[in-house]
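Report on one structure; see the data block that follows.
Numbering (the working numbering), first residue to last: 388 to 882.
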């Protein structure tokens, strides 16, 4: 082979190797230019005029925080013990000289859903408000009146009287949202009105123990204090959620915010606009989760449904023949996959309608029909019932109280030296909730008398009411801890 031919062969071989290396190498593309990224400027510009700031003035007692103060840790022989006992008890019972009230201002967000002046926000934004003012993007401010509110879903409806039609937004289909979909939050964080943030749906169906109908959308769109009541939009400009809560150890956004889905909110808002109150369905059962052990013992095959622990006398469930121990697996044609599904399904069922119910009883499927009652009426029935079941559980002041035994001590981590009645649940809009009584707290005294059973608390409440008192004084062990005793005066009636 001549030198020239050898050189040509070498060139061909080198070219082949180079080509092979190029084909085997990853494809290198240029970085995306700014023009390639989607812009939400036009969408934000269109939606901003419909989002409002809510400014609220509240009058509070100067000593309103005294219920959260701990009793001083004084020895039994301290000369100051009698003084502090007397001071704390009188102040919490509303006795002694009245202290001046002071005005507190707070802010939140809202949005217009009707051009004639209907505004939606969170209940906690306007709760106990003396005056409510709605401020629009153009600087206009209008006084607002409360149309209705629903503490259970933390929603409220306001009405303003505009001189011209307002820009309004519409609700979208929150059920169609998927994890990863883009969403847009607009609101008034930290008083900085007209703030826009973009993120994605990071989770669905979140239960954060905020109420009986928890089904939150979780988003990483920045939501901070002041965003409460503001809308969460999809990229079509439809409201798919109402921003309500954040998870934040720091007090600011850490990328975990929660919104009430439009599917939950719209029905509530429609009822508040039409009636000024909610009209939810009611079945009249106390339910609990079906654990793996319970599913096995009841031969359910897999964990599903809601286990009926108790049936309200004269309620729709009792009239339909539903019994304690039944597992409700379907209500009004909708499957009950877990306990929390049932309250939402029942609440959405029209009052007075006949709903087919499927229950599993002793391994057999039983079909019954329940005439759905109204939740608000059912709550009154439950509140007036004074009898306790065989398990000793009782309801009073919006609290569910249970005997303090080995099981409840273990469940709530209660100290061995604490005796009384344990709080297992608190209604979100009750007087007990207002005083920040929570599940796991233990009531050790009521009306300055020792509590040994839940019935003792109910008896002290009735004694106080009969004596013309507006509140009853409770000695509460917060979290069931020996060193966390509080005197708390709880109003017998709201208002």
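Built from N, CA and C at the ideal position, the CB exists for glycine as well.
- Judged by DSSP in its simplified three-state form, residue 433 adopts helix.
- Segment contact: the stretch 427 to 446 against the stretch 524 to 535, three or more CB-CB distances shorter than 8 Å; contact assigned.
- Beta-bridge partners of residue 693 (DSSP): 676 and 715.
- Inter-residue distance for residue 502 and residue 539 is about 27 Å (C-alpha atoms, whole angstroms).
- Apart from sequence neighbours up to five positions away, the residues of its chain that approach residue 610 with a beta-carbon distance below 7 Å are 572, 630, 633, 640 and 644, ordered along the chain.
- Comparing alpha-carbon positions, the option among 686, 599, 624 and 676 lying closest to residue 647 turns out to be 599.
- In this structure, the beta-carbon distance from residue 677 to residue 733 does not fall below 8 Å.
- Shown here, residue 658 sits in a helix according to DSSP, grouped into three states.
- The beta carbon of residue 779 sits closer than 8 Å to those of 789, 790, 840, 841 and 842, all from its chain and outside the five residues before and after it, given in chain order.
- If you look at residue 644, you'll find it in the beta strand (DSSP E) that goes 644 to 648.
- When secondary structure is reduced to three states using DSSP, residue 537 falls in the strand class.
- Inter-residue distance for residue 724 and residue 691 is about 5 Å (C-alpha atoms, whole angstroms).
- Residue 490 counts as exposed, since fewer than 16 other beta carbons sit within 10 angstroms of its beta carbon.
- Minimum Cα-Cα distance from residue 506 among the listed residues 618, 730, 596 and 679 corresponds to 618.
- Runs of the beta strand (DSSP E) lying entirely within the stretch 711 to 766 and spanning at least 3 residues, in chain order: 714 to 718, 741 to 748 and 751 to 758.
- Within the stretch 817 to 849, the complete beta strand (DSSP E) runs of at least 3 residues fall at 829 to 833.
- Our two residues, residue 612 and residue 707, have alpha carbons roughly 46 Å apart in a direct line.
- Burial check for residue 517: the Cβ neighbour count within 10 Å stays below 16, so the residue is exposed.
- Taking 8 Å as the cut-off, the Cβ atoms of residue 568 and residue 614 do not count as close.
- Between the beta-carbon of residue 591 and that of residue 566 there is about 6 Å, and that keeps the pair under the 8 Å contact cut.
- Taking all protein chains in view, the Cβ of residue 756 is surrounded by fewer than 16 other Cβ atoms within 10 Å, so the residue is classified as exposed.
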